[in-house]
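Notes follow the structure.
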DNA sequence: TATTTATAGTTACAAATGAAACTTATTTCA
DNA sequence: TGAAATAAGTTTCATTTGTAACTATAAATA
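Chains as they are written, first to last, in the numbering used here: chain E, 64 to 215; chain X, 64 to 215.
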């Protein structure tokens, strides 16, 4: 007759906890793939990847695409630039807006790292059936849409 | 005839990225539920929750249960202790091992915060069908087991 | 038993992160 | 126009976090 409707909070079953537990491990393992071999931070890697995909975008735009805040982007850009992996100019039309592009070296580094991380992703996906892969994708979309919907 | 088998890495479709994007948002929203109203950090909240569930465990044990490293646990314990939310003694048998318990105040605070975070979880789950909830749970288990399996 | 190895927890220092203030450039609109 | 508001990006400072070194105790072993 104790704990009648106490709906005890059990960390191990708590969805946000389970998600963050898994995600933290994945992020660490993924980072280790390139931080050990190459002198590049996770933030820098994100910018490298997004600029390979979308050349010539601004820092703000890169931030949107990667969900990084502008300070993090600024620092990553600076780091990449100092390593000659990225070239930054400001737009002649709007001298506030940056135009970011990978250098040849930056592109080369991207193509060294990309297979490592896609291999890692494939190993993850291989754990799941095709069906589960689809389910996960759909569920992530649903949840992401929900949590990003602006709250009053 | 270009990019024949280039399996381009597209951040937006990349599972680890999608996971971390979602998880970061959830973690932030969740933290906001208690950090604004109560003077408690996310680490402290985890320890509070695990001690409510498993009273009298050691710091090391609490760390295992929460996937926090021992430094983070030590700091959270210190913080909670300074706020009189937690009581720490060392075991008489093994004077290295701590025995942690919530104080009455700590327990009271837990019961104030718990419904806020479970409500948040329920709102998340409500987005999914019962079926999807089961699928997600199973998928998280599979992936977590995989990534935590020791690698040579 | 004396020495070493291992364990629990803390402390200290360095690196990463986040929030706010700041600079420069552009837009708005009174 | 020109003052005020907005926007992009950077810098600064405080906080958080992570790694390594350290202390104290207990266990292993020679």
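Beta carbons: idealized from backbone N, C-alpha and C, even for Gly.
This structure is a prediction, so every number in the text was calculated from the model and none was measured.
When the Cα atoms are used, what is the spatial distance from residue i to residue j?
i, j, result
"residue 68 of chain E", "residue 125 of chain X", "Reliability of the predicted coordinates at residue 68 of chain E is poor, the pLDDT of 42 falling under 50, and the value obtained from them is presented with this limitation in mind. Each residue's Cα considered, the two are about 26 Å apart."
"residue 77 of chain X", "residue 71 of chain X", "10 Å"
"residue 90 of chain E", "residue 204 of chain E", "19 Å"
"residue 163 of chain E", "residue 146 of chain E", "14 Å"
"residue 75 of chain E", "residue 159 of chain E", "48 Å"
"residue 104 of chain E", "residue 98 of chain E", "6 Å"
"residue 144 of chain X", "residue 157 of chain X", "21 Å"
"residue 210 of chain X", "residue 85 of chain E", "8 Å"
"residue 152 of chain X", "residue 112 of chain X", "19 Å"
"residue 134 of chain X", "residue 118 of chain X", "20 Å"
"residue 171 of chain E", "residue 212 of chain E", "38 Å"
"residue 114 of chain E", "residue 137 of chain E", "14 Å"
"residue 196 of chain X", "residue 166 of chain X", "35 Å"
"residue 149 of chain X", "residue 185 of chain X", "28 Å"
"residue 127 of chain E", "residue 116 of chain E", "14 Å"
"residue 123 of chain E", "residue 154 of chain E", "13 Å"
"residue 87 of chain E", "residue 192 of chain X", "26 Å"
Run the CB neighbour count on residue i, radius 10 Å, all protein chains shown included, and call it buried at 16 or more, exposed below.
i, result
"residue 140 of chain X", "buried"
"residue 95 of chain E", "exposed"
"residue 176 of chain X", "buried"
"residue 129 of chain E", "buried"
"residue 194 of chain X", "exposed"
"residue 180 of chain X", "buried"
"residue 178 of chain E", "exposed"
Hey, residue i and residue j: beta-carbon distance below 7 Å or not?
i, j, result
"residue 168 of chain E", "residue 142 of chain E", "no"
"residue 121 of chain E", "residue 161 of chain E", "yes"
"residue 92 of chain E", "residue 198 of chain X", "no"
Between the Cα of residue i and the Cα atoms of the options, which residue gives the shortest distance?
i, options, result
"residue 190 of chain X", "E/180, E/201, E/192, E/184", "E/201"
"residue 80 of chain X", "E/131, E/154, E/173", "E/131"
"residue 183 of chain X", "E/185, E/206, E/166", "E/206"
"residue 101 of chain X", "X/192, X/116, X/173, X/127", "X/173"
"residue 73 of chain E", "X/88, X/109, X/87, X/73", "X/109"
"residue 208 of chain E", "X/187, X/192, X/208", "X/187"
Report whether the distance from the Cβ of residue i to the nearest heavy atom of the ligand SAH is below 6 Å.
i, result
"residue 212 of chain E", "Looking at this structure, you won't find the ligand SAH or any other ligand, since it has none at all."
Hey, which unbroken runs of the alpha helix (DSSP H) at 4 residues or more fall wholly within the region 145-201 of chain X? 167-189
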